[in-house]
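Residue numbers (our numbering): 12 to 198. To start, the structure under review is shown below, and the notes come after it.
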(Lines of atoms letter the chains of each structure in order from A and count residues from 1; the text may use other names and numbers.)
(Lines give C-alpha, C1' and ligand atoms only; values in the text may rest on other atoms or scores of the structure.)
Protein backbone atom coordinates (compact mmCIF):
# COMPACT_ATOMS: atom_id res chain seq x y z
CA UNK A 1 0.00 0.00 0.00
CA UNK A 2 1.04 3.53 -0.41
CA UNK A 3 -0.12 5.77 2.41
CA UNK A 4 0.56 9.35 1.49
CA UNK A 5 0.93 8.64 -2.21
CA UNK A 6 -0.59 11.68 -3.89
CA UNK A 7 -2.08 11.92 -7.34
CA UNK A 8 1.25 12.47 -9.04
CA UNK A 9 3.20 10.08 -6.79
CA UNK A 10 0.57 7.35 -7.03
CA UNK A 11 0.45 7.62 -10.82
CA UNK A 12 4.22 7.56 -10.94
CA UNK A 13 4.59 4.40 -8.84
CA UNK A 14 1.72 2.66 -10.63
CA UNK A 15 3.14 3.49 -14.06
CA UNK A 16 6.62 2.33 -13.04
CA UNK A 17 5.27 -1.02 -11.84
CA UNK A 18 3.17 -1.39 -14.97
CA UNK A 19 0.48 -3.98 -15.56
CA UNK A 20 2.79 -6.77 -16.75
CA UNK A 21 3.74 -8.28 -13.40
CA UNK A 22 5.37 -11.31 -15.01
CA UNK A 23 8.44 -9.21 -15.81
CA UNK A 24 9.36 -9.35 -12.11
CA UNK A 25 10.66 -12.78 -11.06
CA UNK A 26 10.35 -11.91 -7.36
CA UNK A 27 10.01 -8.97 -4.98
CA UNK A 28 13.78 -8.42 -5.09
CA UNK A 29 13.47 -7.50 -8.77
CA UNK A 30 10.92 -4.81 -7.88
CA UNK A 31 13.16 -3.47 -5.11
CA UNK A 32 16.21 -3.49 -7.37
CA UNK A 33 14.41 -1.62 -10.11
CA UNK A 34 13.19 0.93 -7.57
CA UNK A 35 16.69 1.33 -6.16
CA UNK A 36 15.63 0.35 -2.64
CA UNK A 37 17.66 -2.88 -2.51
CA UNK A 38 21.30 -2.37 -1.51
CA UNK A 39 24.19 -3.80 -3.55
CA UNK A 40 26.58 -6.20 -1.84
CA UNK A 41 30.15 -6.25 -3.16
CA UNK A 42 32.51 -8.98 -2.05
CA UNK A 43 36.10 -9.72 -2.90
CA UNK A 44 38.13 -12.15 -0.87
CA UNK A 45 37.64 -11.29 2.79
CA UNK A 46 36.33 -7.79 2.08
CA UNK A 47 32.55 -7.34 1.95
CA UNK A 48 30.65 -4.05 1.65
CA UNK A 49 27.04 -3.01 1.17
CA UNK A 50 26.48 0.16 -0.86
CA UNK A 51 23.66 2.33 -2.18
CA UNK A 52 22.17 1.10 -5.48
CA UNK A 53 22.80 3.66 -8.20
CA UNK A 54 21.59 1.65 -11.22
CA UNK A 55 17.81 1.85 -11.04
CA UNK A 56 14.82 3.78 -12.30
CA UNK A 57 15.42 7.05 -10.46
CA UNK A 58 11.81 8.33 -10.66
CA UNK A 59 10.60 5.03 -9.20
CA UNK A 60 13.14 5.25 -6.36
CA UNK A 61 12.10 8.84 -5.69
CA UNK A 62 8.44 7.83 -5.50
CA UNK A 63 9.16 5.00 -3.05
CA UNK A 64 11.27 7.31 -0.89
CA UNK A 65 8.49 9.92 -0.85
CA UNK A 66 6.03 7.25 0.27
CA UNK A 67 8.31 6.29 3.14
CA UNK A 68 8.76 9.92 4.19
CA UNK A 69 5.07 10.83 4.18
CA UNK A 70 3.92 7.74 6.06
CA UNK A 71 6.65 8.27 8.64
CA UNK A 72 5.55 11.89 9.17
CA UNK A 73 2.17 10.86 10.57
CA UNK A 74 3.75 8.39 12.96
CA UNK A 75 6.21 11.02 14.18
CA UNK A 76 3.38 13.45 15.00
CA UNK A 77 1.70 10.70 17.01
CA UNK A 78 4.99 9.89 18.78
CA UNK A 79 5.37 13.59 19.66
CA UNK A 80 1.97 13.50 21.33
CA UNK A 81 2.95 10.30 23.17
CA UNK A 82 6.15 11.93 24.45
CA UNK A 83 4.46 15.26 25.18
CA UNK A 84 5.35 15.49 28.90
CA UNK A 85 9.04 14.66 28.40
CA UNK A 86 9.34 16.96 25.39
CA UNK A 87 7.69 19.80 27.31
CA UNK A 88 9.99 19.23 30.32
CA UNK A 89 13.09 19.52 28.11
CA UNK A 90 11.72 22.40 25.99
CA UNK A 91 11.61 20.41 22.73
CA UNK A 92 10.12 22.21 19.76
CA UNK A 93 7.68 19.52 18.62
CA UNK A 94 4.32 20.26 17.03
CA UNK A 95 2.48 19.05 20.14
CA UNK A 96 4.58 21.19 22.52
CA UNK A 97 4.61 24.35 20.41
CA UNK A 98 0.96 24.33 19.28
CA UNK A 99 -0.68 21.92 21.74
CA UNK A 100 -1.98 18.38 21.50
CA UNK A 101 -5.29 19.55 20.06
CA UNK A 102 -3.74 21.15 17.00
CA UNK A 103 -1.25 18.30 16.61
CA UNK A 104 -4.19 15.88 16.60
CA UNK A 105 -5.93 17.91 13.90
CA UNK A 106 -2.76 17.99 11.77
CA UNK A 107 -2.26 14.22 12.14
CA UNK A 108 -5.92 13.57 11.28
CA UNK A 109 -5.64 15.86 8.26
CA UNK A 110 -2.59 13.96 7.00
CA UNK A 111 -4.43 10.67 7.46
CA UNK A 112 -7.54 11.96 5.63
CA UNK A 113 -5.32 13.12 2.77
CA UNK A 114 -3.62 9.71 2.73
CA UNK A 115 -7.00 7.94 2.52
CA UNK A 116 -8.06 10.20 -0.35
CA UNK A 117 -4.84 9.71 -2.26
CA UNK A 118 -4.98 5.95 -1.82
CA UNK A 119 -8.58 6.14 -3.03
CA UNK A 120 -7.35 7.82 -6.20
CA UNK A 121 -4.76 5.07 -6.64
CA UNK A 122 -7.54 2.52 -6.16
CA UNK A 123 -9.55 4.26 -8.88
CA UNK A 124 -6.63 3.70 -11.24
CA UNK A 125 -6.43 0.08 -10.12
CA UNK A 126 -10.15 -0.33 -10.72
CA UNK A 127 -9.74 1.01 -14.26
CA UNK A 128 -6.96 -1.50 -14.91
CA UNK A 129 -9.03 -4.28 -13.28
CA UNK A 130 -6.42 -4.91 -10.58
CA UNK A 131 -8.93 -6.00 -7.94
CA UNK A 132 -6.35 -7.81 -5.81
CA UNK A 133 -4.32 -4.64 -5.22
CA UNK A 134 -7.47 -2.60 -4.72
CA UNK A 135 -8.65 -4.95 -1.97
CA UNK A 136 -5.18 -5.06 -0.43
CA UNK A 137 -5.12 -1.26 -0.12
CA UNK A 138 -8.66 -1.20 1.25
CA UNK A 139 -8.29 -3.84 3.96
CA UNK A 140 -4.57 -3.62 4.77
CA UNK A 141 -4.29 0.18 4.78
CA UNK A 142 -7.44 2.26 4.55
CA UNK A 143 -9.44 0.45 7.24
CA UNK A 144 -6.52 0.96 9.63
CA UNK A 145 -6.22 4.63 8.66
CA UNK A 146 -9.91 5.21 9.46
CA UNK A 147 -9.26 3.53 12.83
CA UNK A 148 -6.34 5.93 13.42
CA UNK A 149 -8.54 8.97 12.72
CA UNK A 150 -11.19 7.73 15.14
CA UNK A 151 -8.73 6.82 17.89
CA UNK A 152 -6.82 10.10 17.52
CA UNK A 153 -10.00 11.94 18.43
CA UNK A 154 -10.43 9.83 21.58
CA UNK A 155 -6.76 9.62 22.62
CA UNK A 156 -5.73 11.40 25.79
CA UNK A 157 -3.32 9.08 27.61
CA UNK A 158 0.25 8.18 26.72
CA UNK A 159 -0.88 4.56 26.25
CA UNK A 160 -3.48 5.66 23.69
CA UNK A 161 -0.83 7.38 21.60
CA UNK A 162 1.49 4.38 21.98
CA UNK A 163 -1.20 2.09 20.53
CA UNK A 164 -1.74 4.53 17.66
CA UNK A 165 2.00 4.64 16.99
CA UNK A 166 2.04 0.85 16.79
CA UNK A 167 -0.93 0.92 14.43
CA UNK A 168 0.98 3.33 12.17
CA UNK A 169 3.93 0.90 12.23
CA UNK A 170 1.59 -1.86 11.03
CA UNK A 171 0.32 0.41 8.25
CA UNK A 172 3.89 1.18 7.20
CA UNK A 173 4.75 -2.53 7.30
CA UNK A 174 1.76 -3.30 5.10
CA UNK A 175 3.04 -0.69 2.64
CA UNK A 176 6.40 -2.45 2.50
CA UNK A 177 4.72 -5.85 2.30
CA UNK A 178 2.89 -4.73 -0.84
CA UNK A 179 6.00 -5.60 -2.87
CA UNK A 180 5.60 -9.23 -1.78
CA UNK A 181 1.87 -9.13 -2.37
CA UNK A 182 2.45 -7.58 -5.79
CA UNK A 183 4.77 -10.42 -6.74
CA UNK A 184 2.73 -13.30 -5.37
CA UNK A 185 -0.61 -12.02 -6.65
CA UNK A 186 0.82 -12.12 -10.19
CA UNK A 187 2.16 -15.68 -10.10
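Built from N, CA and C at the ideal position, the CB exists for glycine as well.
On the three-pair Cβ rule with 8 Å, is the segment 160-170 touching the segment 106-121? yes
Segment contact flag, the segment 119-137 with the segment 147-156, C-beta cutoff 8 Å, min 3 pairs: yes
Is there contact here, the segment 102-115 with the segment 78-90, by at least three beta-carbon pairs under 8 Å? Three or more Cβ pairs drawn from the segment 102-115 and the segment 78-90 lie within less than 8 Å of each other, which places the two stretches in contact.
Supposed close pair residue 54, residue 182 - CB separation, criterion 8 Å: Actually they are not in contact, since the Cβ atoms of residue 54 and residue 182 sit about 40 Å apart, beyond 8 Å.
Measuring straight from C-alpha to C-alpha, what distance separates residue 245 and residue 155? Coverage of the chain is limited to positions 12 through 198, which leaves residue 245 absent and any answer about it impossible.
Measure the C-alpha to C-alpha separation of residue 194 and residue 90 and round it to an integer number of angstroms. 36 Å
Segments of 4+ residues assigned as alpha helix (DSSP H) that fall wholly inside the segment 102-127: 105-109
Simplified DSSP state of residue 144, which is helix, strand or coil: helix
So for residue 33, helix, strand or coil by DSSP? helix
If you draw a straight line from the C-alpha of residue 97 to the C-alpha of residue 114, how long is it? 14 Å
Of the listed residues 33, 30, 28 and 180, nearest to residue 159 (C-alpha basis): 180
How should residue 92 be labelled, buried or exposed, when 16 other C-beta atoms within 10 angstroms of its C-beta is the threshold for buried? buried
Excluding the 5 residues preceding and the 5 following residue 139 in the sequence, name in chain order all residues of the same chain whose CB lies nearer than 6 Å to its CB. 30
So for residue 81, helix, strand or coil by DSSP? helix
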